[in-house]
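Heads up: the structure comes next, in structure tokens.
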Amino acid sequence: SLRQIDGEGQVLTCHCEVSPDLLSMSNGRWQSEALPSHCGSFTGKRVGSAPLVDSENLIWDNFAALVCELDKIHQRSAGLDAEALATLQTLARDMAAE
């Protein structure tokens, strides 16, 4: 379940089933909170991978680990240490292998 704001600023309540691999949604139903008669159904399928992670850091995609690691570097007052460098090298190798 989720709440979404459409292009006109209306809040929509959405419910759907998500596949175990998180690549598709089925049996989706949506309804406007302000206008209950404004409702419908939907399905969805991800084409390719998203380059980020969700706002709660729960659902990770291909580049999410790299994005989070780079974010940590930007928050540092000093440069890279050996551990951060090793992590970045591993992430780069993993991404190159995909």
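Residues in the sequence shown are numbered consecutively from 7, following this note's numbering. We put the beta carbon where it would ideally sit given N, CA and C, even for glycine. Computed from a prediction, not measured in an experiment: that's the story for all the values here.
- Just so you know, the alpha carbons of residue 97 and residue 103 end up roughly 10 Å apart.
- Minimum Cα-Cα distance from residue 26 among the listed residues 84, 13, 52 corresponds to 52.
- Take residue 94, set aside five residues on each side of it, and the residues of its chain with a beta-carbon closer than 7 Å to its own are 75, in chain order.
- Contact annotation: residue 20 and residue 10 have beta-carbon atoms nearer than 8 Å.
- Distance from the CA atom of residue 42 to the CA atom of residue 17, rounded to whole angstroms, is 11 Å.
- Counted as a single uninterrupted DSSP element, the beta strand (DSSP E) harbouring residue 9 occupies residues 8 to 11.
- In the three-state reduction of the DSSP assignment, residue 80 falls in the helix class, which pools H, G and I.
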